[in-house]
Amino acid sequence: MSQMMRSAARSVLASRGRFLLTGTAITLSVAFLVATLVLSDSMRGRAARDIAEALAGTDAVVQGVVLGEPGGGPGDPERSVRRSLDPDITERVTTVDGVDGAASQWVGFAKLVVDGSSVGTGTASDVGRNWVADPALNPFRLTSGREPIEIGEIVIDRSLAGDAGLAPGDVVQVLTTTGIHDATIAGVATIASADAAPLQRTVLLPVAAVSAWLDTAAPTDVLVDVAEGADRAEVLDRLSALTDAEVIDGPDHIRTMQDAATSPLQFLTVFLLAFAVVAVVIGVTIIFNTFALTVARRRRESALLRAIGAQRRQLLGAVVIEAAIVGTIATLVGLVCGVAGVGALRWLVGLAGVTLLTGPSIVSTTSIAVAATVGIGATILSAWIPARRAAATPPIEALRESAAEPRVVSPARTASGLVLAAVAIAGGAVAVVRSNATWVMLVAAIVPALVLCGPAIVTATSRGSTRVARRVAGVCGSIAAGNLAASPRRSASTALALMLGTAMVTMFAVFASSLTSAVGTDVRDGLQADLVVTSATADFPTIDPTLAGRIAELPDVDAVAALAVTEGIVAGKAEAIGGIDPTALPSMFDLDPIAGDLADLNAGGVAVVGDDPTLLGGNLVIEFERSTLEAPIVAVVPRSTGGFEAPLYFVDRQTLDTLVGRLLDARLFVDLADGAVADADEDVRALVRATPGSFFETRAEHVANSGSGIAAFRNFIDGMLLLAGFIALLGVANTTALAINERSGELGLLRAVGATRRELRRIVRLEVALLSFVAASIGIAVAVGLGWALIDVAGGTEIPSVVVPWPRLAATLVIAVAAGLAAAAWPAFRVSRVPVLELASRDR
Numbered sequence: 132m133s134q135m136m137r138s139a140a141r142s143v144l145a146s147r148g149r150f151l152l153t154g155t156a157i158t159l160s161v162a163f164l165v166a167t168l169v170l171s172d173s174m175r176g177r178a179a180r181d182i183a184e185a186l187a188g189t190d191a192v193v194q195g196v197v198l199g200e201p202g203g204g205p206g207d208p209e210r211s212v213r214r215s216l217d218p219d220i221t222e223r224v225t226t227v228d229g230v231d232g233a234a235s236q237w238v239g240f241a242k243l244v245v246d247g248s249s250v251g252t253g254t255a256s257d258v259g260r261n262w263v264a265d266p267a268l269n270p271f272r273l274t275s276g277r278e279p280i281e282i283g284e285i286v287i288d289r290s291l292a293g294d295a296g297l298a299p300g301d302v303v304q305v306l307t308t309t310g311i312h313d314a315t316i317a318g319v320a321t322i323a324s325a326d327a328a329p330l331q332r333t334v335l336l337p338v339a340a341v342s343a344w345l346d347t348a349a350p351t352d353v354l355v356d357v358a359e360g361a362d363r364a365e366v367l368d369r370l371s372a373l374t375d376a377e378v379i380d381g382p383d384h385i386r387t388m389q390d391a392a393t394s395p396l397q398f399l400t401v402f403l404l405a406f407a408v409v410a411v412v413i414g415v416t417i418i419f420n421t422f423a424l425t426v427a428r429r430r431r432e433s434a435l436l437r438a439i440g441a442q443r444r445q446l447l448g449a450v451v452i453e454a455a456i457v458g459t460i461a462t463l464v465g466l467v468c469g470v471a472g473v474g475a476l477r478w479l480v481g482l483a484g485v486t487l488l489t490g491p492s493i494v495s496t497t498s499i500a501v502a503a504t505v506g507i508g509a510t511i512l513s514a515w516i517p518a519r520r521a522a523a524t525p526p527i528e529a530l531r532e533s534a535a536e537p538r539v540v541s542p543a544r545t546a547s548g549l550v551l552a553a554v555a556i557a558g559g560a561v562a563v564v565r566s567n568a569t570w571v572m573l574v575a576a577i578v579p580a581l582v583l584c585g586p587a588i589v590t591a592t593s594r595g596s597t598r599v600a601r602r603v604a605g606v607c608g609s610i611a612a613g614n615l616a617a618s619p620r621r622s623a624s625t626a627l628a629l630m631l632g633t634a635m636v637t638m639f640a641v642f643a644s645s646l647t648s649a650v651g652t653d654v655r656d657g658l659q660a661d662l663v664v665t666s667a668t669a670d671f672p673t674i675d676p677t678l679a680g681r682i683a684e685l686p687d688v689d690a691v692a693a694l695a696v697t698e699g700i701v702a703g704k705a706e707a708i709g710g711i712d713p714t715a716l717p718s719m720f721d722l723d724p725i726a727g728d729l730a731d732l733n734a735g736g737v738a739v740v741g742d743d744p745t746l747l748g749g750n751l752v753i754e755f756e757r758s759t760l761e762a763p764i765v766a767v768v769p770r771s772t773g774g775f776e777a778p779l780y781f782v783d784r785q786t787l788d789t790l791v792g793r794l795l796d797a798r799l800f801v802d803l804a805d806g807a808v809a810d811a812d813e814d815v816r817a818l819v820r821a822t823p824g825s826f827f828e829t830r831a832e833h834v835a836n837s838g839s840g841i842a843a844f845r846n847f848i849d850g851m852l853l854l855a856g857f858i859a860l861l862g863v864a865n866t867t868a869l870a871i872n873e874r875s876g877e878l879g880l881l882r883a884v885g886a887t888r889r890e891l892r893r894i895v896r897l898e899v900a901l902l903s904f905v906a907a908s909i910g911i912a913v914a915v916g917l918g919w920a921l922i923d924v925a926g927g928t929e930i931p932s933v934v935v936p937w938p939r940l941a942a943t944l945v946i947a948v949a950a951g952l953a954a955a956a957w958p959a960f961r962v963s964r965v966p967v968l969e970l971a972s973r974d975r
């Protein structure tokens with residue numbers, strides 16, 4: 132075995148040029164995988180540690196019962212509605228035997244404003260809560276200054292202080308549901324040892340300011356400290372008997388908060404892991420091609436070893452050891468690069484506008500073991516088939532042949548691929564017709580179908596394109612087309628990497644275009660207002676309620692319609708509920724009722740977004756934190772006000788304020804008066820700029836920006852695809868270089884009969900360009916069909932139609948061919964510089 136190890140090591144060293152690009156592909160794949168795992172572990176581990184440390188002194192929590200099922204889409208914070216607690220709940224809790232202390236905790240919206248601009252961007256939430264006087268129950272710890280005592284004093288978390296350059300004594304403003312308030316920073320605090328609560332920016336208020344600033348009387352929850360020596364289970368039972376609210380044990384509360392802190396990032400983690408898998412699969416095809424060509428190149432050497440007594444398992448073991456050496460070295464480099472590249476991955480994720488938890492990376496042994504197993508294991512498994520094929524060849528046959536790959540495509544292989552393709556097409560068709568997402572899983576069979584049918588597709592393409600290639604590029608084109616069929620399996624496996632890359636690009640392009648269209652359709656069709664004022668964040672309204680009145684007082688403004696949004700439980704699920712003025716909104720945003728009249732909202736009715744006019748006249752029950760609304764459905768409208776956070780139910784604004792309390796506005800629609808001066812919108816713009824938490828847009832800008840969130844996410848996706856595409860191009864370059872070396876005798880003969888260096892380079896580039904075109908075309912076609920089926924089945928009402936971005940896909944095809952040409956440039960140049968006799972002698 133030691134002799135085999137030394138022989139394999141010498142072989143790898145002698146062929147280091149061949150394995151360089153292969154090792155690079157493995158390194159990149161492993162680096163991306165380990166960076167994803169480390170980033171995921173770091174986010175979960177940091178959140179778990181900070182929350183456990185901050186809530187260590189809380190033995191139990193009393194909070195309102197959750198109404199219905201939480202809402203919220205993938206990657207969004209979970210939306211839930213809890214029934215409000217009784218205002219005197221804390222006093223009653225303190226009287227329970229075994230309770231050493233209890234503290235009310237009020238939680239609401241509060242956004243810090245400095246010099247007229249709000250502080251903080253990204254997906255972190257802006258939270259306002261009261262300062263808890265009991266140190267054992269207070270999760271925050273002062274790092275400078277003192278606690279807030281009087282109304283107008285606040286404490287901010289250290290993250291906010293660092294972002295805005297603030298310190299105790301600085302004067303700021305705070306935007307809450309009751310408006311903008313002047314404040315002085317009394318202190319800066321951390322939550323346990325962390326600068327901020329996970330995915331939150333926190334402003335801490337004195338208890339005296341809660342009612343005026345957060346507009347709430349009852350606490351959000353009550354933190355309980357169980358007396359030392361008391362039986363916790365018995366105390367929890369007494370608390371449960373005291374109230375109908377939910378009583379949660381401290382450790383259970385910690386786990387719930389940990390899950391809530393990381394759940395918005397699970398969707399992102401799945402996306403990253405999906406791209407890591409794609410990168411590994413592309414790397415596998417590169418490894419397979421490299422070892423297939425390397426083994427083929429050494430077949431005479433292998434045959435000679437067999438002839439002098441070497442056994443098949445020894446030859447097989449030698450190749451596997453080579454693969455293990457290459458895989459181990461590349462994986463080790465990938466592990467180091469991955470751990471070091473977590474910061475780069477954080478930056479790439481930031482392109483999507485996603486806020487991640489800060490802090491040092493947590494590198495777990497599990498992540499390292501998984502990435503190492505994948506890297507080394509994928510390399511060995513990819514080299515297994517070429518090794519077996521070469522080891523199983525009889526010595527005399529190996530001495531006669533110059534290539535390990537048969538040129539005839541197996542009919543059984545092609546037939547198997549066609550069967551799988553039929554299964555995939557049938558599954559997609561049934562899924563679309565029956566609207567059953569279960570059947571769409573069969574569409575995944577298209578991937579092995581392409582693997583099996585790849586050689587046949589390449590052969591057919593070679594034959595079909597020869598005449599066209601000859602007309603376009605003369606004899607060089609004809610030779611290039613014919614070369615594809617010379618090694619159909621190798622060409623097919625090379626094409627598979629490009630196919631996967633273009634398929635991923637196409638899939639997400641179709642998804643993003645359909646999503647953007649769905650988000651913007653309601654806005655394009657319904658918006659009639661001249662100007663729109665939007666909130667600073669898509670997830671929470673941030674417009675000062677007084678802004679609408681101030682805009683309405685401007686001389687060139689004809690009318691202003693405000694939209695408020697809150698959460699309510701409808702049919703057992705949390706949904707967005709909109710509050711509107713039914714007399715003002717229709718002239719500025721046409722909801723286009725298909726049944727009923729929006730004016731009837733004034734009488735206490737509800738409007739429902741949908742396409743079923745028979746809903747009119749039915750009754751609807753909406754549960755809020757403080758109250759319940761039971762009202763008749765007086766209108767059915769086919770569209771909402773745009774975006775995934777747009778309400779699906781509308782009530783009169785005054786009714787909503789009565790039910791849930793004062794709300795910030797989510798959006799303002801502004802109509803300018805007839806004959807308004809040309810720069811009338813500038814007066815509105817100036818007023819909006821002076822109001823923190825609000826942004827000004829013209830009608831055209833609002834329509835154009837309606838899908839801006841999707842565009843940011845697409846930037847992130849494009850960054851991921853760029854890495855996968857780069858790995859695929861490494862495979863093209865590597866396979867091209869090895870294939871040229873294998874066909875050196877043929878190329879030398881071409882030079883001998885008069886082919887110039889330029890023509891030789893042209894043949895190589897045309898071959899790769901044709902292969903890239905075929906791979907990209909198939910990848911685009913398959914991804915469009917798969918994306919169509921997935922969106923049609925799973926898109927629901929949020930993505931009602933499929934939009935295929937044909938210009939983007941055409942650009943993808945052109946870029947894929949151009950990238951293939953770029954990957955082939957260096958191998959083509961190298962072979963053109965080799966003397967004719969040396970080329971011819973390489974195959975001897």
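The numbers in the numbering used here rise by one with no breaks, and the one at position 728 of the sequence shown is 859. We treat Cβ as the ideally placed atom computed from N, Cα and C, and that holds for glycine. Quick caveat, the model's predicted, so the values are computed rather than measured.
Beta-carbon contacts of residue 667 that lie in its chain and below 6 Å, excluding the five residues immediately before and after: Position 536 of the sequence shown, counted from the start, is the residue given in the question as residue 667. Here the set comprises 249, 673, 824.
Integer Cβ distance of residue 912 from residue 951, believed to fall under 8 Å: One-based indexing of the sequence shown puts residue 912 at position 781. One-based indexing of the sequence shown puts residue 951 at position 820. With a Cβ gap of about 18 Å, residue 912 and residue 951 do not count as contacting.
Limits of the unbroken beta strand (DSSP E) element including residue 269: As a working mapping, residue 269 is identified with position 138 in the sequence shown. Residue 269 -> no beta strand (DSSP E), and no H or E assigned at all.
Where residue 281 falls: helix, strand or coil (DSSP): Within the sequence shown, residue 281 is the residue found at index 150, counting from 1. DSSP places residue 281 in coil when its eight states are reduced to three.
Three-way DSSP call (helix, strand, coil) for residue 672 in this model: Here residue 672 refers to the residue found at position 541 of the sequence shown. Coil.
Under 9 Å between C-beta atoms of residue 223 and residue 237: Counting from one through the sequence shown, the residue named residue 223 turns up at place 92. Counting from one through the sequence shown, the residue named residue 237 turns up at place 106. No, the Cβ-Cβ distance between residue 223 and residue 237 is not below 9 Å.
Cβ shell of residue 326 (< 8 Å), same chain only, five flanking positions each side left out: The residue labelled residue 326 in the question sits at position 195 within the sequence shown. Closer than 8 Å at the Cβ level, and outside the excluded window around residue 326, lie 288, 289, 290, 293, 489.
Run of the beta strand (DSSP E) containing residue 307, from where it starts to where it stops: For the purposes of this step, residue 307 is taken as residue 176 along the sequence shown, with counting starting at 1. Unbroken beta strand (DSSP E) run through residue 307: 302-307.
Pick from 423, 349, 433, 351 that is closest to residue 522, judged by C-alpha positions: Translated into the one-based positions of the sequence shown, residue 522 becomes position 391. Of 423, 349, 433, 351, the residue nearest in Cα terms is 433.
Stretch-stretch touch, CB-based, cutoff 8 Å, three pairs: the stretch 679-689 with the stretch 763-773: no
Environment of residue 517 [buried if 16+ CB atoms lie within 10 Å]: The sequence position of residue 517 within the sequence shown is 386, counting from 1. Residue 517 should be labelled buried.
Residues near residue 645 in its chain [Cβ-Cβ closer than 6 Å; skip 5 each side]: As a position in the sequence shown, residue 645 is number 514, starting the count at 1. For residue 645, where only same-chain residues beyond five positions count, the Cβ hits under 6 Å are 922, 930, 933, 934.
C-beta neighbour in chain D for residue 787, strict 9 Å: Among the chains of the structure shown, chain D does not appear; only one protein chain is present.
Any non-hydrogen atom of the ligand MG within 8 Å of residue 172 CB: Among the components modelled here there is no ligand, and therefore nothing to report on the ligand MG.
Local conformation of residue 902 per DSSP, three classes: Reading the sequence shown from its first residue, position 771 is the one you call residue 902. Reduced to three states, the DSSP call for residue 902 is helix.
The alpha helix (DSSP H) enclosing residue 459, as first and last residue numbers: In the sequence shown, the residue the question calls residue 459 occupies position 328. That run of the alpha helix (DSSP H) goes 443-471.
Residue interval of the alpha helix (DSSP H) (run including residue 604): To locate residue 604, count along the sequence shown from 1; it is residue 473. Residue 604 -> alpha helix (DSSP H) spans 577-617.
Inter-residue spacing [alpha-carbon to alpha-carbon] between residue 520 and residue 547: The residue given as residue 520 occupies position 389 in the sequence shown. The residue given as residue 547 occupies position 416 in the sequence shown. Distance between the alpha carbons of residue 520 and residue 547 is about 21 Å.
Proximity below 9 Å, CB of residue 858 to CB of residue 156: Translated into positions along the sequence shown, residue 858 becomes position 727. Translated into positions along the sequence shown, residue 156 becomes position 25. Closer than 9 Å, so yes.
C-alpha gap between residue 247 and residue 192, whole angstroms: On the sequence shown, position 116 is the one that residue 247 refers to. On the sequence shown, position 61 is the one that residue 192 refers to. Each residue's Cα considered, the two are about 38 Å apart.
Other residues of its chain near residue 464: CB distance less than 7 Å, five sequence neighbours each side excluded: The residue given as residue 464 occupies position 333 in the sequence shown. Within the same chain, residue 464 has close Cβ partners 158.
C-alpha gap between residue 831 and residue 469, whole angstroms: Taking the first residue of the sequence shown as 1, we reach residue 831 at position 700. Taking the first residue of the sequence shown as 1, we reach residue 469 at position 338. Looking at the two C-alpha atoms, the distance is approximately 43 Å.
Identity of the residue in 196, 458, 495 nearest residue 504 by Cα: Working through the sequence shown from its first residue, we reach residue 504 at position 373. Checked all of 196, 458, 495; the closest Cα to residue 504 is 458.
Own chain partners of residue 460 with C-beta closer than 6 Å, once the 5 adjacent residues on each side are dropped: By 1-based counting over the sequence shown, the position of residue 460 is 329. Answer for residue 460: no residue qualifies.
Paired residues, beta bridge with residue 258 - DSSP: By 1-based counting over the sequence shown, the position of residue 258 is 127. Note: residue 258 sits in a beta bridge opposite 240, 333.
Contiguous beta strand (DSSP E) assignments of at least 3 residues, all confined to the stretch 643-672: 662-666
Beta-carbon spacing of residue 826, residue 772 below 9 Å: Taking the sequence shown and counting its residues from 1, one reaches residue 826 at position 695. Taking the sequence shown and counting its residues from 1, one reaches residue 772 at position 641. No. Outside cutoff.
Pair within 9 Å by beta-carbon distance, residue 194 and residue 168: Along the sequence shown, read from residue 1 onward, the residue named residue 194 stands at position 63. Along the sequence shown, read from residue 1 onward, the residue named residue 168 stands at position 37. Cβ atoms of residue 194 and residue 168: not closer than 9 Å.
Whole-number beta carbon distance between residue 262 and residue 337, since they are thought to touch under 8 Å: For the purposes of this step, residue 337 is taken as the residue at position 206 of the sequence shown. For the purposes of this step, residue 262 is taken as the residue at position 131 of the sequence shown. Confirmed, Cβ separation roughly 6 Å.
Cutoff 7 Å; reference residue 592; Cβ partners in own chain excluding five residues on either side: Translated into positions along the sequence shown, residue 592 becomes position 461. 615, 905.
Through-space distance from residue 444 to residue 529, alpha-carbon basis: Taking the first residue of the sequence shown as 1, we reach residue 529 at position 398. Taking the first residue of the sequence shown as 1, we reach residue 444 at position 313. Confidence at residue 529 is low in this model, with a pLDDT of 49, below 50, so its placement is unreliable and the value that follows should be read with caution. Using only the alpha carbons, I get a separation of about 16 Å.
Where residue 812 sits in the DSSP three-state scheme: In the sequence shown, the residue the question calls residue 812 occupies position 681. Residue 812 falls in the helix class under three-state DSSP.
Residue 573 versus residue 403: straight-line alpha-carbon distance, rounded: Taking the sequence shown and counting its residues from 1, the one referred to as residue 573 is at position 442. Taking the sequence shown and counting its residues from 1, the one referred to as residue 403 is at position 272. Whole-angstrom Cα-Cα distance: 23 Å.
Residue environment, residue 820, which counts as buried when at least 16 other CB atoms sit within 10 Å: Translated into positions along the sequence shown, residue 820 becomes position 689. Counting Cβ neighbours within 10 Å, residue 820 comes out exposed, since fewer than 16 surround it.
Option nearest residue 397 by Cα separation, candidates 328, 439, 173: Locating residue 397 in the sequence shown gives position 266, counting from the first residue. Considering only alpha carbons, the answer is 173.
Of the listed residues 317, 563, 736, 365, nearest to residue 302 (C-alpha basis): Counting from 1 along the sequence shown, the entry for residue 302 is found at position 171. Ranking the options by Cα distance to residue 302, first place goes to 317.
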